[in-house]
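Engineer:
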Amino acid sequence: MPDMRIFFSFSDPIVDLLGEWAGTLTVGSILLRLSMATVFAAVIGCERASKRHSAGLRTFILVSLASAIAMLLDLYFFQLPLLSAATVIGVAMLSGNSILFSSRNQIKGLTTSAGLWTCGIIGLSAGAGFYTVAVVSFLFLLCILSWLPAVEGWLTNRSNHFEVHLELKSRSNLQDFVTTIRRLGMSIDDIESNAAYLGSGLSVYTVMISVSSQELKKYKTHSEIIQALSTLDYIYHIEEMR
Numbered sequence: 008m009p010d011m012r013i014f015f016s017f018s019d020p021i022v023d024l025l026g027e028w029a030g031t032l033t034v035g036s037i038l039l040r041l042s043m044a045t046v047f048a049a050v051i052g053c054e055r056a057s058k059r060h061s062a063g064l065r066t067f068i069l070v071s072l073a074s075a076i077a078m079l080l081d082l083y084f085f086q087l088p089l090l091s092a093a094t095v096i097g098v099a100m101l102s103g104n105s106i107l108f109s110s111r112n113q114i115k116g117l118t119t120s121a122g123l124w125t126c127g128i129i130g131l132s133a134g135a136g137f138y139t140v141a142v143v144s145f146l147f148l149l150c151i152l153s154w155l156p157a158v159e160g161w162l163t164n165r166s167n168h169f170e171v172h173l174e175l176k177s178r179s180n181l182q183d184f185v186t187t188i189r190r191l192g193m194s195i196d197d198i199e200s201n202a203a204y205l206g207s208g209l210s211v212y213t214v215m216i217s218v219s220s221q222e223l224k225k226y227k228t229h230s231e232i233i234q235a236l237s238t239l240d241y242i243y244h245i246e247e248m249r
């Protein structure tokens with residue numbers, strides 16, 4: 008089997024470190040590539056599973072391993088990206104199916120979907136023998152999933168705009184809520200009634216709120232504002248939608 012690296016100007020530092028066997032299709036290199044795809048996916052899958060997402064450990068491992076196998080088969084039989092291209096499409100479809108719409112008009116699973124698709128690409132990289140690309144991509148993905156949520160949450164909680172899921176005890180309380188929001192130095196950009204709660208006895212809305220008061224912008228986070236609103240007698244439940 009010819010060395011596939013001759014078709015590329017890129018020389019993988021890990022291949023240079025391990026030796027020529029890692030850059031060609033040998034039993035050792037195949038085991039290394041499949042192991043790398045499996046271990047990296049397992050780490051990402053554990054991170055997702057620990058946060059109770061629908062796609063967890065086994066899903067990520069299977070996607071990454073299948074991607075690596077598809078790339079190996081392409082290199083061995085075709086030397087053209089036939090199976091690997093089909094794998095990318097398949098993973099994209101699977102990732103799309105992990106996106107869910109909740110009864111609160113929230114879209115859930117976007118991060119897991121993107122992570123699943125990225126994990127498939129990492130598997131393809133490992134299967135192709137681009138070890139350095141796979142390692143660096145894995146580290147970037149792990150950092151993005153592990154560290155950025157805290158940064159993203161900090162920025163979101165201090166934005167001048169936020170969206171809440173609002174459950175009122177009566178439809179007549181909506182005007183009271185609007186009046187209270189304006190009195191606190193905020194404005195309502197949009198109110199949408201949630202039909203999923205018809206017949207529940209509650210009046211449920213999705214409300215987009217903007218903070219206009221300079222004092223609120225400087226001193227209050229979304230959590231503190233929502234905590235204060237939740238003490239109103241006519242509000243059954245209120246929470247921020249993310």
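For the sequence shown, the positions run 8 to 249 when the numbering used here is used.
Positions of the beta carbon are idealized from the N, C-alpha and C atoms, including for glycine.
For clarity, every value in this text was computed on a predicted model and none was experimentally measured.
#1: Could you tell me the distance, in whole angstroms, from the CA atom of Glu170 to the CA atom of Thr213?
#2: DSSP three-state label for Ser207, please.
#3: Counting only the same chain and skipping the five closest in sequence on each side, list residues whose C-beta sits under 7 angstroms from that of Arg165.
#4: Considering just the uninterrupted stretch of the alpha helix (DSSP H) at Glu231, what are its terminal residues?
#5: What does the alpha-carbon distance come out to for the pair Leu72 and Leu123?
#6: Provide the residue span of the alpha helix (DSSP H) that contains Glu54, from first to last.
#7: Should the segment 29 to 40 be called in touch with the segment 127 to 144, which here means at least 3 C-beta pairs below 8 angstroms?
#8: Could you tell me which residues DSSP pairs with Tyr212 in its beta bridges?
#9: When you compare each of Asp183, Pro20, Leu80 and Ile51 to Ser120 by their alpha carbons, which one comes out closest?
#10: What span of residues does the alpha helix (DSSP H) with Glu159 cover, start to end?
#11: Taking the beta strand (DSSP E) that Tyr243 falls in, what are its first and last residues?
#12: Out of Leu131, Ile216 and Ala141, which one is the CA nearest neighbour of Arg189?
#13: By alpha-carbon positions, which one of Thr118, Leu131, Leu41 and Gly127 ends up nearest to Arg249?
#14: When the Cα atoms are used, what is the spatial distance from Asp240 to Leu181?
#15: Which residue from Thr125, Ala157 and Ile233 puts its Cα closest to that of Leu146?
#16: Mind checking which residues open and close the alpha helix (DSSP H) that includes Arg178?
#17: Is the beta carbon of Ile233 closer than 7 angstroms to that of Ile245?
#18: Give every residue of the same chain whose Cβ lies closer than 6 angstroms to the Cβ of Ile174, excluding the five residues on either side of it in the sequence, and list them in chain order.
Structural biologist: Judging by the given coordinates:
#1: 7 angstroms
#2: Correct three-state label for Ser207: coil.
#3: Thr228
#4: His229 to Leu236
#5: 12 angstroms
#6: Val34 to Ala56
#7: yes
#8: Leu173 and Ser200
#9: Selected option, being the one with the closest Cα: Ile51.
#10: Tyr138 to Thr163
#11: Tyr243: member of the beta strand (DSSP E) spanning Ile242 to Met248, first to last residue.
#12: Ranking Leu131, Ile216 and Ala141 by Cα distance to Arg189 puts Ile216 first.
#13: Thr118
#14: 12 angstroms
#15: Thr125
#16: Element bounds for Arg178: n/a, residue is neither H nor E.
#17: yes
#18: For the sequence presented, residue 174 should be read as Glu rather than Ile. Here the set comprises Leu209, Val211, Tyr243 and His244.
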